[in-house]
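**Q**
Protein chains in written order, with our numbering: chain P, 1 to 200; chain H, 1001 to 1325.
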């Protein structure tokens, strides 16, 4: 399996493209880190890869086919701000229940405790919510994970807990990853390939 | 150790929140207990610790920005003067500036240039703002943008510029670097350093220990709402010179070092264990960890752990100062 961005151009405002003819391929056995200066459009590229935006031109292809428009998307995104990725008015366990075919081993592996289920996001720390978000992105149908600064706001112990689990799980299930992180130490540790992007 | 003049001194700070549970039943949540930190002139003190350990609350407590249901005990003084609610209101934004954690602290309806200038339009302010923009490689036309038009990293730089616009004595920076690329993050750190070197203080709240180690003078380590250790930056070179088991675990989790995870999570405020909050995850824990744990001074730092041998016991916050030298 491979996830491809083919010659994509995209911007949020007319005539002001943020990404200009960007191409990139991630294979299922790879963890590709994207490294670029602030404001380059890394998050935008992530959103495109996960199907949250439509490129102006070019294509996002999963094994040569466009991403499905309906149902569970095989490309799942984990966000930088977990507390903004969940509905604050819904108990976190109910949010997680919306994720199809979730393996209970994932929940256990992430160290999610049963009594967190009844809490609202406001009653959990960022690291705890992020574990739920990661679990929710690891439903049975996931083929690729897009991780946009998923551990920048976590402490080092939580960071290594989460990453150690992610590395083992994605290797076991052959899930490819695109990773954005500003920490070189972290990308050197977790990525199999690093792509440095620069303005032309 | 050379005695420096204190800018910020926090002694035995306790913060609790009163919350309604079901119906009218109220519970008191102790989120910060017995927390002590001080920042001297020319110093950068980094506060590091797990997420949810109360780091941001500390910043908000100093600035008097806590919500109404918070109870605060303990002493906070600024340049030897006790900080009262009125005094904070006079000082904040002038002598004490906050670099907030979230970009949502910007006014969404105001152009960022004017926000950095604090709405002033005089020539000096404009010049200073333009220089700050130049320093942080923000294009001058950025001044005419609204916050929603900025990238995360640009907004961060606006927040930094905004704090440096005044000439404060103390900057409290609450996670100033996430979203900045490495050169910019280092630039921000270097600016804090030169700001401190002019005789000012910086309380740098972060979990990016590696970055903090590059600029800070001392590191205060938080866990579950209390200071477990205060260490010198040089103590982080080796695991053995660190004092508390939590700090050692943090050290082993550095991506550059072991990248070692630790089982379990920080206890939730409602079910905090008695005594040491780290005991449930600690390999050295024993029954004595459930009792009162005194703060000890050792080799230029402090530690709160019964397993730590050596050092001198500090009884309460007041005596701490005389023992420190």
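Think of the CB as a built atom: it goes at the ideal place given N, C-alpha and C, for glycine as much as any other residue.
Whose Cβ in chain P lies nearer than 8 Å to the Cβ of residue 1259/H?
**A** To locate residue 1259/H, count along the second chain from 1; it is residue 259. The contacting residues are 160, 163, 164 and 189.
**Q** Spatial neighbours of residue 1117/H within its chain, please: C-beta separation below 6 Å, excluding the five flanking residues on both sides.
**A** As a first step, residue 1117/H is located in the second chain; it is residue number 117 there, counting from the start. The residues are 1125 and 1129.
**Q** From the beta carbon of residue 4/P, is the nearest beta carbon of chain H less than 8 Å away?
**A** Mapped onto the first chain, residue 4/P falls at position 4. Not closer than 8 Å to any Cβ of chain H, the Cβ of residue 4/P fails to qualify, so no.
**Q** Compare the C-beta of residue 185/P with all C-beta atoms of chain H and state if any pair is closer than 8 Å.
**A** Position 185 of the first chain, counted from the first residue, corresponds to residue 185/P. Interface residue, yes.
**Q** Residues in its own chain within less than 6 Å of residue 112/P by CB, not counting five upstream and five downstream?
**A** On the first chain, residue 112/P is found 112 positions in, with the first residue counted as 1. Cβ within range, chain order: 131.
**Q** By DSSP, does residue 1044/H sit in helix, in strand, or in coil?
**A** Along the second chain, read from residue 1 onward, the residue named residue 1044/H stands at position 44. DSSP places residue 1044/H in strand when its eight states are reduced to three.
**Q** I'd like to check one pair, residue 1181/H with residue 81/P: are the Cβ atoms closer than 8 Å?
**A** Working through the first chain from its first residue, we reach residue 81/P at position 81. Working through the second chain from its first residue, we reach residue 1181/H at position 181. It is not a contact, given that the beta carbons lie outside the stated cut-off.
**Q** Would the beta-carbon of residue 138/P fall within 8 Å of that of residue 106/P?
**A** Locating residue 138/P in the first chain gives position 138, where the first residue counts as 1. Locating residue 106/P in the first chain gives position 106, where the first residue counts as 1. The answer is yes: Cβ separation under 8 Å.
**Q** Strictly by DSSP, which residues pair up with residue 1259/H?
**A** Working through the second chain from its first residue, we reach residue 1259/H at position 259. None; residue 1259/H has no bridge partner.
**Q** Using only the alpha-carbon positions, how far apart do residue 1192/H and residue 1262/H sit?
**A** Your numbering for residue 1192/H matches position 192 in the second chain. Your numbering for residue 1262/H matches position 262 in the second chain. Approximately 32 Å between the Cα atoms of the pair.
**Q** Name the chain H residues that come within less than 9 Å of residue 154/P, Cβ to Cβ?
**A** For the purposes of this step, residue 154/P is taken as residue 154 along the first chain, with counting starting at 1. Neighbours of residue 154/P on chain H, chain order: 1050, 1051 and 1207.
**Q** Does the count of Cβ pairs from the stretch 97 to 104 of chain P and the stretch 150 to 168 of chain P closer than 8 Å reach three?
**A** No, the stretch 97 to 104 of chain P is not in contact with the stretch 150 to 168 of chain P.
**Q** In chain order, which beta strand (DSSP E) runs of at least 3 residues are fully inside the stretch 3 to 59 of chain P?
**A** Secondary structure remark: continuous beta strand (DSSP E) runs of at least 3 residues inside the stretch 3 to 59 of chain P, in chain order: 19 to 27 and 31 to 35.
**Q** Give me the Cβ distance between residue 1050/H and residue 1266/H, rounded to the nearest whole Å; I'm assuming they're in contact under 8 Å.
**A** Taking the second chain and counting its residues from 1, one reaches residue 1050/H at position 50. Taking the second chain and counting its residues from 1, one reaches residue 1266/H at position 266. With 8 Å as the limit, residue 1050/H and residue 1266/H qualify as a contact, their Cβ atoms being about 5 Å apart.
**Q** Would you grab the beta carbon distance between residue 1038/H and residue 1014/H for me? Rounded to a whole angstrom, and I think it's under 8 Å.
**A** Locating residue 1038/H in the second chain gives position 38, counting from the first residue. Locating residue 1014/H in the second chain gives position 14, counting from the first residue. Actually they do not touch by this definition, with Cβ atoms about 17 Å apart.
**Q** Check distances from the C-beta atoms of the stretch 73 to 104 of chain P to those of chain H and list, in chain order, the residues that come in under 9 Å.
**A** 80 and 81
**Q** Could you please give the first and the last residue of the uninterrupted beta strand (DSSP E) stretch that includes residue 77/P?
**A** Here residue 77/P refers to the residue found at position 77 of the first chain. Run containing residue 77/P: 75 to 78, per the beta strand (DSSP E) assignment.
**Q** Taking the straight line between their C-alpha atoms, what separation do you get for residue 1323/H and residue 1012/H?
**A** Counted from its first residue, the second chain places residue 1323/H at position 323. Counted from its first residue, the second chain places residue 1012/H at position 12. At residue 1323/H the pLDDT is 41, less than 50, meaning the model places this residue with poor confidence; the figure from the coordinates comes in the next sentence. Roughly 16 Å separates the two Cα atoms.
**Q** Do the CB positions of residue 1256/H and residue 1305/H come within less than 8 Å of each other?
**A** Within the second chain, the letter at position 256 stands for residue 1256/H. Within the second chain, the letter at position 305 stands for residue 1305/H. For residue 1256/H and residue 1305/H, no; Cβs fall outside 8 Å.
**Q** Applying a beta-carbon distance threshold of less than 9 Å, which residues of chain H neighbour residue 125/P?
**A** Looking up residue 125/P in the first chain gives position 125. Within chain H, the residues near residue 125/P are 1050, 1051, 1052, 1053, 1265, 1266 and 1268.
**Q** When the cut-off is 8 Å and only beta carbons count, does residue 1181/H lie next to chain P?
**A** Position 181 of the second chain, counted from the first residue, corresponds to residue 1181/H. Answer yes: the Cβ-Cβ gap between residue 1181/H and chain P drops below 8 Å somewhere.
**Q** Which residues, in order along the stretch 1170 to 1199 of chain H, keep a beta-carbon less than 9 Å from a beta-carbon of chain P?
**A** For the stretch 1170 to 1199 of chain H, which is checked against every Cβ of chain P, the residues closer than 9 Å are 1175, 1177, 1178, 1179, 1180, 1181, 1182, 1183, 1184 and 1185.
**Q** Would DSSP call residue 1014/H helix, strand or coil?
**A** Along the second chain, one-based indexing puts residue 1014/H at 14. Looking at residue 1014/H - three-state DSSP - the assignment turns out to be strand.
**Q** In this structure, how does DSSP classify residue 1108/H when only helix, strand and coil are distinguished?
**A** The sequence position of residue 1108/H within the second chain is 108, counting from 1. It is coil, neither helix nor strand.
**Q** In this structure, what does DSSP give as the bridge partners for residue 1133/H?
**A** Residue mapping note: residue 1133/H aligns to position 133 of the second chain, counting from 1. Answer by DSSP bridge pairing: none, since residue 1133/H is not bridged.
**Q** State buried or exposed for residue 1071/H, treating a residue as buried only when at least 16 other CB atoms are found within 10 Å of its CB.
**A** Translated into the one-based positions of the second chain, residue 1071/H becomes position 71. Classification of residue 1071/H: exposed, given that the 10 Å Cβ count is below 16.
**Q** In chain order, what are the residue ranges of uninterrupted beta strand (DSSP E) at least 3 long that sit wholly in the stretch 1233 to 1315 of chain H?
**A** Listed in chain order, the beta strand (DSSP E) elements of length 3 or more contained wholly in the stretch 1233 to 1315 of chain H are 1295 to 1298, 1301 to 1303 and 1312 to 1314.
**Q** Is DSSP giving residue 1208/H helix, strand or coil here?
**A** Here residue 1208/H refers to the residue found at position 208 when the second chain is read from its first residue. If DSSP states are grouped into helix, strand and coil, residue 1208/H belongs with coil.
**Q** State the start and end residues of the unbroken beta strand (DSSP E) segment that holds residue 1074/H.
**A** The residue given as residue 1074/H occupies position 74 in the second chain. Unbroken beta strand (DSSP E) run through residue 1074/H: 1070 to 1078.
**Q** Give the residues of chain H in contact with residue 207/P, contact being defined as C-beta atoms less than 9 Å apart.
**A** Absent from the model: residue 207/P. The displayed extent of chain P is 1 to 200, so no value can be given.
**Q** Kindly say whether residue 39/P, judged by its beta-carbon, lies nearer than 8 Å to any beta-carbon of chain H.
**A** Counting from 1 along the first chain, the entry for residue 39/P is found at position 39. At least one chain H Cβ lies under 8 Å of residue 39/P.
**Q** Counting along the chain, where does the alpha helix (DSSP H) carrying residue 120/P start and finish?
**A** Here residue 120/P refers to the residue found at position 120 of the first chain. Unbroken run through residue 120/P: none, as it is neither H nor E.
**Q** With burial defined as no fewer than 16 other Cβ atoms inside 10 Å of the residue's Cβ, what is the status of residue 79/P: buried or exposed?
**A** As a first step, residue 79/P must be located in the first chain, where it is residue number 79. With a 10 Å radius around the Cβ and a threshold of 16 neighbouring Cβ atoms, residue 79/P comes out buried.
**Q** Does DSSP put residue 1031/H in a helix, in a strand, or in coil?
**A** As a first step, residue 1031/H must be located in the second chain, where it is residue number 31. Strand.
**Q** Could you tell me which residues DSSP puts in a beta bridge with residue 1097/H?
**A** One-based indexing of the second chain puts residue 1097/H at position 97. Beta-bridge partners of residue 1097/H (DSSP): 1171/H.
**Q** Just how far apart, CA to CA, sit residue 1110/H and residue 1146/H?
**A** Here residue 1110/H refers to the residue found at position 110 of the second chain. Here residue 1146/H refers to the residue found at position 146 of the second chain. Going by the C-alpha atoms only, they are around 6 Å apart.
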